[in-house]
Amino acid sequence: MAKSIIQKEKYCYLSGVQNVPLEEHHCFFGPLRKISEKYGFKVWLTPERHRGKNSPHQRRDIDLLLKRECQRKFEETHSREEFMKIIGRNYLDD
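Here the sequence shown is numbered in our numbering, starting from 59 and rising by one per residue.
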């Protein structure tokens, strides 16, 4: 299990809240969940921010925000081609 490539500390990535129960969100879920785990494409979220009405599972804009952040961070040390080979698409507009 890789640690998050986005977060070094454990806090809600969307709200900044600390010292509350948190859940791990895999930014690429479904069939790409194992890839998220392998490469650290994940963030900590409060249960409400993870599964509620303003969560990446319910709002596409939040989902895309997290996917773009993963790609940006990954590309700090890898190429876009590597990212696209792993995930299958580009989330950044440049």
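C-beta: ideal position from N, C-alpha, C; glycine also.
Quick caveat: nothing in here was measured; it's all calculated off a predicted structure.
Integer Cβ distance of residue i from residue j, believed to fall under 8 Å
i	j	result
Cys-169	Leu-124	No answer is possible for residue 169: it lies beyond the span of the chain, which begins at 59 and ends at 152.
Lys-100	Glu-81	At roughly 10 Å, the Cβ-Cβ gap does not stay under 8 Å, so Lys-100 and Glu-81 are not in contact.
His-115	Arg-107	About 10 Å; that fails the 8 Å criterion.
Arg-126	Leu-150	6 Å
Buried versus exposed, by CB contacts within 10 Å (16 or more), residue i
i	result
Pro-105	exposed
Ser-94	buried
Within 8 Å, strictly: CB atoms of residue i and residue j
i	j	result
Lys-143	Ile-63	no
Leu-72	Leu-122	no
Lys-66	Gly-98	no
**Q.** Continuous beta strand (DSSP E) assignments of at least 3 residues falling wholly in the stretch 72–148
**A.** Annotation: the stretch 72–148 contains the following complete segments of the beta strand (DSSP E) (minimum length 3 residues), in chain order: 81–84, 100–103.
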